[in-house]
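Structure, as structure tokens:
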Amino acid sequence: MLFKDLKLNKPILRAVAEAGYDNPTLVQEKTIPLVLERQDVITSAQTGTGKTAAFALPILQLLYDQQDAPKKGKTIKALVISPTRELAIQIAKNFKTYASHTNLTSAVIYGGTSIEPQIDILKKGIDILIATPGRLLDLHKQVELNLDYVEMFVLDEADLMLDMGFIDDVRKIERLCPEDKQTLLFSATMPYKVEQLASSILKTPERIEVTPTSSAAKDVSQVLYYVPKRNKIELCLHLLRNTVKGSILIFRRTKFGVDKLHQTLISNGYDAERLHGDRSQIERQNALADFKRGKVNILIATDVAARGIDIIELDSVINFDLPNVPETYVHRIGRTGRAGNFGHSYSLCSADEKSYVQTIQKLINVQIPVENDHPYPLDPKAKPIVHKKKGSKYKKGRKSEASKKKKKRWY
Ligand code: AMP
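Whatever position you read off the sequence shown (first residue = 1), add 1 for the working numbering.
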């Protein structure tokens, strides 16, 4: 199929050709016609499938076609909500590229940076707004941010948005927009809470599933190393010295873990950068830019910080900690082996993570090959270490109300 078969008009086809896209991806083939028909859509697709263009191109087309209609002035007609700053910036960049031969305008707003310039941009008026939820609501409180003319509302990476605790914000934002808008929801996974949100805000949506999250990327080799938890850093250094080459993304579960590994790699002479939610916007942008242009070849990140970030030429992924959600494993290793390249993934598994391997293997229906030939083997009989809190007055399974309310941000 060609882009012109999707009935996109000239300025958009020109921008797509200039971006170097020959054919639409599967998610684009399926989503674009439905959006052009003003359908609500739920698309299950992860980053790397071309999902941004799948909503950006038809939105631009619909707005472009309306330009001769009586003007409402420069009002926000399309609103895209994204969970992280990096993703919001990336989406905004895509909109600018695809709109380069139209006079449609877009802007991106996100937290962790000065609010004043964003207020100025909004005052000038724009057609398309890309925003993270918290900053959008802040701006709505502070200035006349008029969402009364929103015709298209996009929720990107909905599962991540809910994981990050944005459910109430998303509902609030949705209510600030007109009821008869078109809503598009994109999510890498479709857990129950995403389905629930979808059923409450979308109207008879069409469903599109592009990448079953259970199928691990075919162009990625997988290797598993069983290792005692205390030796993971040594094994990681051993692999970096001897086995893992090129540009490497290392996943850790917590921010603390990311910082600790980063310090170790730097003190061992590696060029590494790190991404997590406690770093400032500028630090995160610089870390990513240094990794993308090859100034450093190792990036250590939490799942949340790395999600949605588009890095095409990635050679290897190391799962320093195995994820307890098996779909996350599929997403992580799917970050490599893109654009026709072959990728490699290496997973370090300690005794307490063995059950994760079982659920991952069940999901992907593949036995991950195990490499036993390394200096830090795990005793096969090793039992997970259970840390008991001394003198805890709470019984297992009983949390105080305060601790339940205070959901710790560990990503
Ligand atoms: P996304 O899934 O939206 O993050 O897109 C992943 C990458 O694919 C981005 O670098 C896009 O520029 C690129 N891309 C999107 N659509 C196409 C296409 N039809 N052909 C080639 N590359 C594309």
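Don't be surprised by glycine CBs; every beta carbon is placed ideally from N, CA and C.
On a predicted model such as this, the values are computed, not experimentally measured, just so you know.
Please list, in chain order, all residues of the same chain as PRO84 whose beta carbon is under 6 Å from its beta carbon, the five residues on each side excluded.
As a first step, residue 84 must be located in the sequence shown, where it is residue number 83. Correct list, in chain order: GLU158, LEU161, MET162, MET165.
Can you tell me the Cβ-Cβ gap for LYS439 and GLU152, rounded? I've got them flagged as a contact below 8 Å.
What is shown of the chain runs 2 to 412, which leaves residue 439 out entirely.
Rounded straight-line distance, which links the Cα of TYR22 to that of LYS391
On the sequence shown, residue 391 is found 390 positions in, with the first residue counted as 1. On the sequence shown, residue 22 is found 21 positions in, with the first residue counted as 1. Reliability fails at LYS391, whose pLDDT of 49 lies under 50, so the model's placement of it is uncertain and no value is given.
Could you pull out every residue in the same chain whose Cβ sits closer than 7 Å to the Cβ of ALA20, ignoring the five residues on either side in sequence?
For this step, residue 20 is matched to residue 19 along the sequence shown. So the qualifying residues of the chain are THR98.
Do ASP41 and LEU177 count as a contact pair if the criterion is CB distance below 8 Å?
Your numbering for residue 177 matches position 176 in the sequence shown. Your numbering for residue 41 matches position 40 in the sequence shown. No.
beta-carbon GLN62 near the ligand AMP non-hydrogen atom, thresh 7 Å
The residue given as residue 62 occupies position 61 in the sequence shown. The answer is no for GLN62.
So what does MET2 bridge to, in DSSP terms?
The count along the sequence shown starts at 1 and reaches residue 2 at position 1. The partner list for MET2 (beta bridge, DSSP) is empty, contrary to what the question assumes.
Three-state class that DSSP yields for LYS391 in the structure shown:
Residue 391 sits at position 390 when you count from the first residue of the sequence shown. Here LYS391 scores only 49 on pLDDT, less than 50, and its place in the model is too uncertain to base an answer on.
Might you give, ordered along the chain, the residues of its own chain that have their beta carbon closer than 7 Å to the beta carbon of HIS141, omitting 5 neighbours on each side?
Residue 141 sits at position 140 when you count from the first residue of the sequence shown. LEU177.
Looking only at C-alpha atoms, which of TYR65, GLY135, PRO25, ILE234 sits nearest to ALA54?
Against the sequence shown, residue 54 aligns to sequence position 53. It is PRO25.
If you follow the beta strand (DSSP E) that TYR227 is part of, which residue opens it and which one closes it?
Within the sequence shown, numbered from 1, the residue matching residue 227 stands at position 226. TYR227 -> beta strand (DSSP E) spans 221-227.
How should LEU3 be labelled, buried or exposed, when 16 other C-beta atoms within 10 angstroms of its C-beta is the threshold for buried?
Here residue 3 refers to the residue found at position 2 of the sequence shown. Exposed is the call here.
Please classify ASP6 as buried or exposed, where buried requires at least 16 neighbouring CB atoms within 10 angstroms.
Here residue 6 corresponds to residue number 5 of the sequence shown, with the count starting at 1. ASP6 comes out exposed.
Between ASP316 and the rest of its own chain, which residues show a CB-CB distance below 6 Å, the 5 nearest in sequence each way excluded?
Here the question's residue 316 lines up with position 315 in the sequence shown. So the list reads GLY247, SER248, once near-sequence residues are dropped.
For the ligand AMP, any of its heavy atoms closer than 7 Å to the Cβ of THR419?
There is simply no residue 419 to check, as the chain begins at 2 and stops at 412 in what is shown.
Just to confirm, are LEU105 and ILE129 a CB contact at a threshold of 8 Å?
Residue mapping note: residue 105 aligns to position 104 of the sequence shown, counting from 1. Residue mapping note: residue 129 aligns to position 128 of the sequence shown, counting from 1. Their beta carbons are under 8 Å apart, which means LEU105 touches ILE129 by this criterion.
Could you spell out the range, first to last residue, of the beta strand (DSSP E) harbouring CYS350?
Counting from one through the sequence shown, the residue named residue 350 turns up at place 349. Start and end: 344-350.
Quick check: LEU63 and LEU37, are their CB atoms within less than 8 Å of each other?
Stepping through the sequence shown from its first residue, residue 63 is reached at position 62. Stepping through the sequence shown from its first residue, residue 37 is reached at position 36. In this structure, LEU63 lies near LEU37, with their beta-carbon atoms less than 8 Å apart.
Just curious, the beta strand (DSSP E) that GLU274 is in, first and last residue?
Residue numbering aside, residue 274 sits at position 273 when the sequence shown is read from its first letter. In the DSSP assignment, GLU274 falls within the beta strand (DSSP E) that extends over 273-276.
So, are the CB atoms of ILE319 and ILE267 less than 8 Å apart?
Residue mapping note: residue 319 aligns to position 318 of the sequence shown, counting from 1. Residue mapping note: residue 267 aligns to position 266 of the sequence shown, counting from 1. Taking 8 Å as the Cβ cut-off, ILE319 and ILE267 do not qualify as a contacting pair.
In the DSSP output, which residue or residues are listed as bridge partners for ARG208?
Start at 1 with the first residue of the sequence shown, and residue 208 comes out as number 207. Paired residues: ILE43.
Taking the Cβ atom as the reference point for each residue, do TYR347 and VAL224 lie within a distance shorter than 8 Å?
Locating residue 347 in the sequence shown gives position 346, counting from the first residue. Locating residue 224 in the sequence shown gives position 223, counting from the first residue. For TYR347 and VAL224, yes; Cβs fall inside 8 Å.
Over what stretch of residues does the alpha helix (DSSP H) that includes ALA79 continue unbroken?
Position 78 of the sequence shown, counted from the first residue, corresponds to residue 79. Segment 79-82 is the beta strand (DSSP E) holding ALA79; no alpha helix (DSSP H) there.
Take the Cβ of VAL367 as the centre, count every other Cβ of all protein chains shown within 10 Å, and call the residue buried at 16 or more, exposed below.
For this step, residue 367 is matched to residue 366 along the sequence shown. By the neighbour-count rule (16 or more Cβ atoms within 10 Å), VAL367 is not buried but exposed.
Taking the C-alpha atoms as reference points, what is the distance between VAL371 and VAL259?
One-based indexing of the sequence shown puts residue 371 at position 370. One-based indexing of the sequence shown puts residue 259 at position 258. So the alpha carbons of these two residues sit roughly 25 Å apart.
CB-CB length for ALA273 against ILE299, believed under 8 Å:
Position 272 of the sequence shown, counted from the first residue, corresponds to residue 273. Position 298 of the sequence shown, counted from the first residue, corresponds to residue 299. Confirmed, Cβ separation roughly 4 Å.
Could you give the DSSP three-state label for SER107: helix, strand or coil?
The residue you call residue 107 lines up with position 106 of the sequence shown. DSSP places SER107 in strand when its eight states are reduced to three.
Looking at the structure shown, is SER356 part of a helix, part of a strand, or coil, going by DSSP?
Taking the first residue of the sequence shown as 1, we reach residue 356 at position 355. Three-state result, SER356: helix.
Thinking C-beta only, is ALA93 closer than 8 Å to ILE131?
Mapped onto the sequence shown, residue 131 falls at position 130. Mapped onto the sequence shown, residue 93 falls at position 92. Closer than 8 Å, so yes.
Pull up the CB-CB distance for ILE312 and VAL171, whole angstroms please, since I reckon it's below 8 Å.
As a position in the sequence shown, residue 312 is number 311, starting the count at 1. As a position in the sequence shown, residue 171 is number 170, starting the count at 1. Going by Cβ atoms, the distance from ILE312 to VAL171 rounds to 27 Å, so no, they are not a contact pair.
Report the option in ARG39, THR32, GLN67, TYR65 whose CA atom is closest to the CA atom of LYS52.
In the sequence shown, the residue the question calls residue 52 occupies position 51. For the residues ARG39, THR32, GLN67, TYR65, the minimum Cα distance to LYS52 belongs to THR32.
Between the alpha carbons of PHE56 and LEU289, how many angstroms are there, rounded?
Position 55 of the sequence shown, counted from the start, is the residue given in the question as residue 56. Position 288 of the sequence shown, counted from the start, is the residue given in the question as residue 289. The alpha-carbon atoms of PHE56 and LEU289 are separated by roughly 25 Å.
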